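Structure first, commentary second.
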Amino acid sequence: MKKKLSIAYVLVLFFALAMVFGGSKDVFAITQAEAEASPEIKVNEVKTDTLSGQNDIKWYKVNVTDRGYFRLTLGPNADANSDDISFGWNVFLYKKGDLTAELVKLTHVTTKEASMWMAYYPDTYYIKVENNVNYVSALAAKAPFDLKIEFNKTDVWEQEDNNKSVNPNVINVNTTYNGITNVADDIDWYKFTVTEGGVTNISFGPDLNLADMEKLKWGWNLFVYTTDLKTEVCKLEKVTNPSSLEQKIKLGKGSYLIKICPNSNGYFSPDRQIYSFSIDFEGYSTAITKEKVNLKKVKAGKKKATLKWDKISYASGYEIYRSTKSNKGFKKIATVKGSKAKYVSKKLKSKKKYYYKVRAFVTVNGKKYYSQDSAVKKVKAK
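Just so you know, we're using the numbering used here here: the sequence shown kicks off at 80 and counts up by one.
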């Protein structure tokens, strides 16, 4: 009999300690209708309240009407008596329609604490505050607490739920966006569209103002795919510092998907860390105007000259110009395809000096756009 009583005593003690040092009072769960009837708090306003006993639970709702990012803060009111704080409070944030899986939780709160920043679609969210103890009234927090949803309006933060390729956030090129890996296996998908072919680079890394650099661990990976996911266009891996592609890549007209994920799950993931990225894109029609052909050399031959230059990867072709004077009188003598980086100028007069320059062009929708001219080089035909 004593053995049975001893086991029962241990079980009761274990249960009591478990309830004292954490855990939500699920036995007091409410329905969605009851949650909707709970008092509303406004974003960026402090709600001061008090729990009346160890089993008291306060529910609140908050309406987020704009795109942006927010976080939950909770702590004792400035007038709280430290003796009345005891083991503090637990606070949970839920999304509308699911009051069982918390988006965020803070437990054992005895001083002001803030959750991670979050970025979800505008919606109604529900907050539950409870004592960090059960069944031990002497340890229940009697002090008033301050609750707040800090919100920042912006169109350039990730909006959950975008963890599947079929539900990406739609973004624009040449705009910097922020996102967060909420959990170790979180995946963020984005989609962008370019209206003409062009060249692009990608900037990606931790947000130096918001990320905790000591918690990045093995960092993130970023992949760019065609929308059918059959072709990997480019990637950046093991990113723990601001990074970019080693060289610009060519993109054809159309839409593309971006996948951002931790480089490792579990302990080595950048859990709850904030990243930033941008797709730096220039259409060929704009990019080509900033290019300048590097005419490497013009070699003399018998009544001919051989020109060689560095190719511009996306050029549709090149135009070759010639003159007998160094600064005027240039006339186009040939047009070659973009795959070429060499031209032989023939039928020259022996012992005569000639001057050459080259410019690239790209054709977009039937219209030609030109690069800057190369430097002029001279040659004396043999």
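Using N, Cα and C, we set each Cβ at its ideal position, and we do this for glycine too.
Values in this document were obtained by computation on a predicted structure and should not be read as measured data.
Could you tell me which of Asn444, Gly276, Gln451, Lys184 sits nearest to Arg438, measuring between CA atoms? Gln451
Between Ala384 and the rest of its own chain, which residues show a CB-CB distance below 8 Å, the 5 nearest in sequence each way excluded? Once the five neighbours on either side are set aside, the close Cβ partners of Ala384 are Val377, Lys378, Val423, Ser424, Leu427, Tyr433, Tyr435, Val458, Ala460.
Would you kindly check if the distance between the Cβ of Gly147 and the Cβ of Lys232 is under 8 Å? yes
For Pro118, count neighbouring C-beta atoms within 10 Å of its own C-beta (all shown protein chains included) and say buried if the count is 16 or more, exposed if not. exposed
Taking the C-alpha atoms as reference points, what is the distance between Asn288 and Glu316? 22 Å
Distance check for Lys296 and Asn342, CA to CA, integer angstroms please. 9 Å
Residue range of the unbroken alpha helix (DSSP H) whose run includes Ser364: According to the DSSP assignment, Ser364 belongs to the alpha helix (DSSP H) that extends over 363–366.
Shortest alpha-carbon distance to Glu398 belongs to which of Lys416, Ile228, Lys446, Ala193? Residue Lys416 is the option with its Cα nearest to Glu398.
Spatial neighbours of Ser194 within its chain, please: CB distance less than 7 Å, with the 5 preceding and 5 following residues excluded, ordered by chain position. Arg150, Leu151, Val183, Leu185
Close Cβ partners of Val318 (< 6 Å) along its chain, the five nearest in sequence each way excluded: Phe283, Gly284, Gly298, Trp299
Expressed to the nearest angstrom, what Euclidean distance is found between the alpha-carbon atoms of Leu172 and Asp291? 23 Å
Round the Cβ separation of Ile358 and Val262 to the nearest angstrom and send it over; I've been treating them as touching at under 8 Å. So it is not a contact: roughly 25 Å between Cβ atoms.
So, at 8 Å on beta carbons, what are the nonlocal neighbours of Gln352 in its own chain, with the 5 sequence-adjacent residues on each side left out? Ile259, Thr260, Pro285, Ala290, Asp291, Lys294, Leu295
I'd like to know if Tyr400 contacts chain C, where contact means its C-beta is closer than 8 Å to some C-beta of that chain. Absence of chain C from the displayed structure is noted, only one protein chain being present.
So if DSSP puts Phe271 in a beta bridge, which residue, or which two residues, is it bridged to? Per DSSP, Tyr335.
Could you give the uninterrupted runs of the beta strand (DSSP E) lying entirely in the region 172–227, keeping only those of 3 residues or more? Counting whole runs of 3 or more residues, the region 172–227 contains the beta strand (DSSP E) stretches 183–188, 202–210.
Pull up the distance between the alpha-carbon of Ser392 and that of Trp236, whole angstroms please. Straight-line Cα distance between these residues: approximately 34 Å.
Once DSSP output is grouped into helix, strand and coil, what is the label at Ser161? helix
Under three-state DSSP, which class holds Tyr148? strand
Identify whether Leu283 lies in helix, strand or coil by the three-state DSSP scheme. The sequence given here has Phe at residue 283, not Leu. Strand at Phe283.
Among the residues of its own chain, which have a CB less than 7 Å from the CB of Lys446, if the five just before and after it don't count? none
Please confirm if the region 400–411 is in contact with the region 358–369, defined as three or more CB-CB distances below 8 Å between the two stretches. no
Just to confirm the assignment, what range does the alpha helix (DSSP H) spanning Glu115 have? Here the alpha helix (DSSP H) through Glu115 covers 111–115.
Here's a check: name, in chain order, each residue in its chain whose Cβ is nearer than 7 Å to the Cβ of Trp168, leaving out the five neighbours to either side. Leu153, Val188, Val208, Glu209, Asn210, Asn211, Ala220, Phe224
Local conformation of Lys381 per DSSP, three classes: coil
C-beta contact flag for Val278 and Lys327 at 8 Å: Yes; because the gap between Cβ atoms is below 8 Å, this pair is in contact.
How close, in whole Å, do the beta carbons of Lys174 and Tyr204 come, if the pair is a contact with beta carbons under 8 Å? 6 Å
As a quick exercise: from Pro321, Asn320, Tyr200, Lys338, pick the residue whose alpha carbon is nearest that of Val312. Lys338
Taking the beta carbon of Gly102 as the centre, do at least 16 other beta carbons fall within 10 Å, making it buried, or is it exposed? With a pLDDT of 46 at Gly102, under the threshold of 50, the modelled position of that residue is not reliable, and no figure is offered here.
Compare the Cα-Cα distances from Lys381 to each of Lys431, Lys387, Asn344, Lys371 and report the closest residue. It is Lys431 whose Cα lies nearest to the Cα of Lys381.
Status (buried if at least 16 other CB within 10 Å, exposed otherwise) for Asp264: exposed
Beta carbon of Lys191 nearer than 8 Å to that of Val125: no
So is Asp267 buried or exposed if we call it buried at 16+ other beta carbons inside 10 Å? buried
According to the neighbour-count rule (16 or more other Cβ atoms, all chains shown, within 10 Å of its Cβ), is Ala114 buried or exposed? buried
My output table needs one value for Gly167: the three-state DSSP class, helix, strand or coil. coil
Are the beta-carbon atoms of Pro201 and Val122 separated by less than 8 Å? no
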